[in-house]
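To start, the structure itself, in structure tokens.
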Amino acid sequence: SRGGVLDLWREAEVLEVTDPIMTRFWMTLPEAAAFVLRGLESPLKRLLVPKLPSFSLGALLGVCLSALGKKEFVVTGVREGEKLHECLISDEEGRVFRDAEWCYTLASPPVSGVGEIRSDHFLMSKGELRKKVLKCLKSE
Numbered sequence: 032s033r034g035g036v037l038d039l040w041r042e043a044e045v046l047e048v049t050d051p052i053m054t055r056f057w058m059t060l061p062e063a064a065a066f067v068l069r070g071l072e073s074p075l076k077r078l079l080v081p082k083l084p085s086f087s088l089g090a091l092l093g094v095c096l097s098a099l100g101k102k103e104f105v106v107t108g109v110r111e112g113e114k115l116h117e118c119l120i121s122d123e124e125g126r127v128f129r130d131a132e133w134c135y136t137l138a139s140p141p142v143s144g145v146g147e148i149r150s151d152h153f154l155m156s157k158g159e160l161r162k163k164v165l166k167c168l169k170s171e
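The numbering of the sequence shown is this note's numbering, which starts it at 32 and goes up by one.
What follows is the structure in structure tokens.
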């Protein structure tokens, strides 16, 4: 990810969004650092995948238009090679992962698995997304 869309949108007169139905996972740098530290201390000692909330770009756009006091946006379209939905664990990989409460991890021994984990499966409510956006805008 190129990241930093909140910074880009804060400075822009007109907000650009590739596709409102596109979904992405949400993870801040402090959350990523905390996940790594927890993983280092975990007895699991296997491949760990964070459980992340997700959002649609349309929902993020709506929250940011209001929060930033902006009125105009333009849909630019999906770029070549860009996916509509991110995938943390593919359907094939999901067969060997298990739910470990705070993350997903390789199952030992193999179990039925968690299935595919895509960004369009775990969408935050607009209220949850708004809280996260406002927290990020305040901390920058």
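Beta carbons: idealized from backbone N, C-alpha and C, even for Gly.
Quick one, are the C-beta atoms of residue i and residue j less than 9 Å apart?
i, j, result
"Arg129", "Leu137", "yes"
"Pro30", "Phe153", "In the structure as shown, the chain starts at 32 and stops at 171, and residue 30 therefore has no counterpart that could be examined."
"Leu99", "Pro51", "no"
"Lys112", "Arg126", "The sequence as given places Gly at residue 112; Lys does not occur at that position. No; because the gap between Cβ atoms is not below 9 Å, this pair is not in contact."
Using a Cβ-Cβ cutoff of less than 6 Å, which residues in the same chain neighbour residue i once the five nearest sequence positions on both sides are dropped?
i, result
"Leu119", "Val80, Ile148"
"Met155", "Pro84, Phe86"
Have a look at residue i and residue j and give me their C-alpha separation to the nearest angstrom.
i, j, result
"Ser32", "Lys163", "Residue confidence for Ser32 is low, a pLDDT of 45 falling below 50, so the modelled location carries little weight and cannot support an answer."
"Val94", "Leu78", "34 Å"
"Lys157", "Phe104", "19 Å"
"Leu46", "Val67", "33 Å"
"Thr107", "Lys76", "42 Å"
"Arg161", "Thr54", "16 Å"
"Asp151", "Lys114", "12 Å"
"Ala63", "Lys82", "11 Å"
"Arg169", "Arg110", "The sequence given here has Lys at residue 169, not Arg. About 30 Å."
"Lys102", "Ala65", "36 Å"
"Glu159", "Ser139", "34 Å"
"Leu92", "Pro61", "23 Å"
"Lys44", "Leu165", "It should be noted that the sequence gives Glu, not Lys, for residue 44. Each residue's alpha carbon lies about 19 Å from the other."
"Glu72", "Gly35", "29 Å"
Quick check on this structure: which residue in the options has the alpha carbon closest to the alpha carbon of residue i?
i, options, result
"Ala90", "Thr49, Trp133, Tyr135, Val145", "Thr49"
"Arg41", "Phe86, Ser97, Ala63, Trp57", "Ser97"
"Arg69", "Lys169, Ser170, Cys134", "Cys134"
"Asp122", "Val109, Gly144, Lys101, Arg110", "Gly144"
Please work out which residues of its chain come closer than 7 Å, Cβ to Cβ, to residue i, disregarding the five sequence neighbours upstream and downstream, and give them in chain order.
i, result
"Cys167", "Leu37, Thr59"
"Leu39", "none"
Tell me which same chain residues have a C-beta within less than 8 Å of the C-beta of residue i, skipping the five on either side of it?
i, result
"Glu132", "none"
Taking residue i and residue j to be in contact with their CB atoms under 8 Å, please state how far apart those CB atoms are, rounded to whole angstroms.
i, j, result
"Phe56", "Glu117", "6 Å"
Does any CB atom of chain D fall closer than 9 Å to the CB of residue i?
i, result
"Thr136", "Absence of chain D from the displayed structure is noted, only one protein chain being present."
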